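Protein sequences appear in the order of chains C and W. According to the working numbering, the first sequence is numbered sequentially starting from 3. According to the working numbering, the second sequence is numbered sequentially starting from 3. Backbone N, C-alpha and C define an ideal beta-carbon position, used for all residues, glycine too. Fair warning: this is a prediction, and the values are worked out from it, not measured in the lab. Quick notes on the structure that follows.
Protein chains: 2
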Amino acid sequence: MNIEKKYNLYKKQVDKKINFFLDERFPASLYQPVKYIMESGGKRIRPIILLFSCEAVGGNYKNALNAAAAVEILHNFTLIHDDIMDNALKRRGRDTVHNKWDVNTAILSGDGLIGYAYKFLLNTKSGRIVEIIHHFNRAIIEVCEGQSYDKEYEIKTDVSIDEYILMIKKKTSKLIEISCVIGGLIGNADEKQIRILKNYSSNIGIAFQILDDLLDIDSDEKLFGKKTGGDIIERKKTYLAVKALEVVKNGKERKLLNSVFVNKSVKIVTADIIEQIKVIYQKNGVLDLARKEIRKYTDIAEYNLAKLTNENGVEMLKWFSQMLLSRNY
Amino acid sequence: MNIEKKYNLYKKQVDKKINFFLDERFPASLYQPVKYIMESGGKRIRPIILLFSCEAVGGNYKNALNAAAAVEILHNFTLIHDDIMDNALKRRGRDTVHNKWDVNTAILSGDGLIGYAYKFLLNTKSGRIVEIIHHFNRAIIEVCEGQSYDKEYEIKTDVSIDEYILMIKKKTSKLIEISCVIGGLIGNADEKQIRILKNYSSNIGIAFQILDDLLDIDSDEKLFGKKTGGDIIERKKTYLAVKALEVVKNGKERKLLNSVFVNKSVKIVTADIIEQIKVIYQKNGVLDLARKEIRKYTDIAEYNLAKLTNENGVEMLKWFSQMLLSRNY
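In structure tokens form, the structure reads like this:
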């Protein structure tokens, strides 16, 4: 089967699992927002990379469908809670949960999703279920650590690229990594295969987040589904911001960067300021540097992936991560 | 060993597990509030009832210490998030996490604790680990459902006693129930023993929550650690409120109850109003009815408990639940 067809087939089967949330359940104040976020679509990146990883080590993807649903559910928990913390009003082109309902409802529906994520995960039939759950636990812990760093960095004025990488490894990359590892475990991968999958996916995860940072100012708002420049408004230390603060040392440009990211003398970040910052990023090569970094981490990922002996598996995963990293929204 | 001594010994060993959180970890914005709540003490009710249940079916409590820590950690997650939703400023006599830090910090540290709860649980060596995790998952889901009902009932004007019981079964009783069941599973209980532990603990849980409702207006604020009348301020449909709305049909008293719990014409619930409502509860026998209900559920619990064949086990658990239910703070 052609890989794109396979992707669409697997996505449909993941969605079928997730349709569990479409049934009416009570209390409505818990299950309506849960249904709302779970039916809001998305590319189902984590479940698909899990299923492909399972197959890439010789496993049957059908055994991994519950775990695939589990990582997607866990991902949606993080979206709901992160959107509260980041004051995000839009997600996938629709109101965020706390915006449509309220913060309490968003807290609770996120919490509930964690319970359901484990419920689906535990339905996995595997002799390695304890290992699988161990990785899932690590993901929750590290995602929280990453989000905490992200919030700390909004205040911290001197974030280095290393600190930035540490943050996104936890906040974004970890869940993608454990998706691959869990897929591998369900496919009964040996230690070497697990190591390969881990190195592949953790680098893909980093590239994926730097791309996301780039798309914050460099994509069509309607397609991206989030507000353009949202990261700048929240004074996030994205790759772009950290790099710009590193390379732009003097003058008017530096003053503007400082006023948004360092001393915060600018109280409200307007569309005009976002536009000016975009120009600074472009003029100083920050966007190109970001694209180079994405290429670098993708290359490391693919170098690792090539060590898998299953040629079909290599091809599938490579196709998938190239699709992910060529997106422009 | 005398039971009280045993309780103190086990409590110390649970605390020793929980001392894991005293080490300095980063990011500080995640781990300082986690440390703060975990060292704030409490009676460690859920871990102790878990350890006693393990022993009551012939197991070795030492095998259950990780699971005991897990239920306590999960309980503390619910406290942090519930306190946000209930606007509670004090807990165990100290500032609540969102009050001391902020809502975002409280959301994240609660989330992080869920990850750690599973981490500890998974350290349990048991051939029945999948069953154990299944019950833990159910607890998270039902605690969220219960908390959602609780929030819905703040707005709903006609909450029946049945609806109230459904809510507290999920919100409070479920975690106590699965603590006993997990203790039993680690002690390798048979089906009948598990059923007995379940019936015992779910009824103890209900009695425990009705007592908590009672103590909201009938205890020493300093000892209780929470604000007197906090439930009335939040217009919670506690046992007392639901019962009072059922028995007080007319007159000035009904008008006052309505103004707080039904039409909410009273915008700020003052200390004076709390005092007046307390008098209404007393005069109309609501406090006595609450005490009778506590007795009723305790009796059902003990009737079930007596079916356990291990006499020592029965004695231990009975001692513990009697201690819990004789507390006046």
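Could one say the Cβ of residue i lies closer than 7 Å to chain C's Cβ atoms, at least one of them?
{"i": "Pro29 of chain W", "result": "yes"}
{"i": "His83 of chain W", "result": "yes"}
{"i": "Ile276 of chain W", "result": "no"}
{"i": "Ile235 of chain W", "result": "no"}
{"i": "Ile20 of chain W", "result": "no"}
{"i": "Cys56 of chain W", "result": "no"}
{"i": "Ile142 of chain W", "result": "yes"}
If we ignore side chains and look at the alpha-carbon of each, how far apart do residue i and residue j end up?
{"i": "Gly240 of chain C", "j": "Lys13 of chain W", "result": "It is worth fixing the name first, because residue 240 of chain C is Thr in this sequence and not Gly. Using only the alpha carbons, I get a separation of about 45 Å."}
{"i": "Asp393 of chain C", "j": "Thr174 of chain C", "result": "Here chain C has residues from 3 to 331 only, and residue 393 of chain C is not among them."}
{"i": "Glu277 of chain W", "j": "Arg237 of chain W", "result": "15 Å"}
{"i": "Ile296 of chain W", "j": "Leu327 of chain W", "result": "8 Å"}
{"i": "Lys228 of chain C", "j": "Ile234 of chain C", "result": "13 Å"}
{"i": "Ile157 of chain C", "j": "Glu57 of chain W", "result": "50 Å"}
{"i": "Leu319 of chain C", "j": "Ser55 of chain C", "result": "7 Å"}
{"i": "Glu304 of chain C", "j": "Ile178 of chain C", "result": "15 Å"}
{"i": "Glu144 of chain C", "j": "Asp274 of chain W", "result": "48 Å"}
{"i": "Asp97 of chain C", "j": "Ser203 of chain W", "result": "42 Å"}
{"i": "Asp25 of chain C", "j": "Asn286 of chain W", "result": "43 Å"}
{"i": "Glu317 of chain W", "j": "Gly43 of chain W", "result": "26 Å"}
{"i": "Trp103 of chain C", "j": "Asp88 of chain C", "result": "16 Å"}
{"i": "Glu165 of chain C", "j": "Lys171 of chain C", "result": "10 Å"}
{"i": "Lys7 of chain W", "j": "Arg130 of chain W", "result": "30 Å"}
{"i": "Asn330 of chain C", "j": "Trp321 of chain C", "result": "16 Å"}
{"i": "Thr126 of chain C", "j": "Val132 of chain C", "result": "11 Å"}
{"i": "Leu110 of chain W", "j": "Thr159 of chain C", "result": "22 Å"}
{"i": "Leu124 of chain W", "j": "Ser267 of chain C", "result": "48 Å"}
{"i": "Lys45 of chain C", "j": "Thr107 of chain C", "result": "25 Å"}
{"i": "Lys245 of chain W", "j": "Phe263 of chain W", "result": "12 Å"}
Tell me the residue span of the alpha helix (DSSP H) that contains residue i.
{"i": "Met325 of chain C", "result": "313-327"}
{"i": "Glu255 of chain W", "result": "253-259"}
{"i": "Leu307 of chain C", "result": "288-307"}
{"i": "Phe138 of chain W", "result": "131-157"}
{"i": "Tyr63 of chain W", "result": "Segment: none, Tyr63 of chain W is in no alpha helix (DSSP H) and carries neither H nor E."}
{"i": "Phe210 of chain W", "result": "193-217"}
{"i": "Ala273 of chain W", "result": "273-285"}
{"i": "Asp25 of chain C", "result": "That residue, Asp25 of chain C, is in no alpha helix (DSSP H); it is neither H nor E in DSSP."}
{"i": "Met169 of chain W", "result": "163-170"}
{"i": "Asp233 of chain W", "result": "232-235"}
{"i": "Ala246 of chain C", "result": "241-249"}
{"i": "Glu41 of chain C", "result": "No alpha helix (DSSP H) contains Glu41 of chain C, which DSSP labels as neither H nor E."}
{"i": "Ala90 of chain W", "result": "First-last for Ala90 of chain W: undefined, no H or E at that position."}
{"i": "Ile188 of chain W", "result": "176-188"}
{"i": "His122 of chain C", "result": "Contrary to the premise, residue 122 of chain C reads as Phe rather than His in this sequence. It spans 105-124 - the alpha helix (DSSP H) in which Phe122 of chain C sits, taken as one unbroken run."}
Would you please verify whether the beta carbon of residue i is less than 7 Å from any beta carbon of chain W?
{"i": "Asn139 of chain C", "result": "yes"}
{"i": "Met318 of chain C", "result": "no"}
{"i": "Leu32 of chain C", "result": "yes"}
{"i": "Gln211 of chain C", "result": "no"}
{"i": "Met40 of chain C", "result": "no"}
{"i": "Gln149 of chain C", "result": "yes"}
{"i": "Asn106 of chain C", "result": "yes"}
{"i": "Ile180 of chain C", "result": "no"}
{"i": "Glu154 of chain C", "result": "yes"}
{"i": "Ile170 of chain C", "result": "no"}
So, using beta-carbon positions, are residue i and residue j closer together than 7 Å?
{"i": "Pro49 of chain W", "j": "Val73 of chain W", "result": "yes"}
{"i": "Asp85 of chain C", "j": "Arg94 of chain C", "result": "no"}
{"i": "Asn65 of chain W", "j": "Ile39 of chain W", "result": "no"}
{"i": "Glu147 of chain W", "j": "Ser31 of chain C", "result": "no"}
{"i": "Ala119 of chain W", "j": "Ile47 of chain W", "result": "no"}
{"i": "Leu216 of chain C", "j": "Ala292 of chain C", "result": "yes"}
{"i": "Val59 of chain W", "j": "Gln195 of chain W", "result": "yes"}
{"i": "Asn139 of chain C", "j": "Lys121 of chain W", "result": "yes"}
{"i": "Leu310 of chain C", "j": "Ile198 of chain C", "result": "yes"}
{"i": "Ile82 of chain W", "j": "Val99 of chain W", "result": "yes"}
{"i": "Gly189 of chain C", "j": "Gly61 of chain C", "result": "yes"}
{"i": "Leu187 of chain W", "j": "Ile134 of chain W", "result": "yes"}
{"i": "Ile219 of chain C", "j": "Gly207 of chain C", "result": "no"}
{"i": "Val250 of chain W", "j": "Leu259 of chain W", "result": "yes"}
{"i": "Ile142 of chain W", "j": "Asn205 of chain W", "result": "no"}
Closer than 7 Å, Cβ to Cβ, to anything on chain C: give me those residues from the region 109-139 of chain W, in chain order. Ile109, Leu110, Asp113, Gly114, Ile116, Gly117, Tyr118, Tyr120, Lys121, Leu124, Ile131, Val132, Ile135, His136, Asn139
Using a Cβ-Cβ cutoff of 7 Å, what residues of the region 73-97 of chain C are near chain W? List them in chain order. His83, Ile86, Met87
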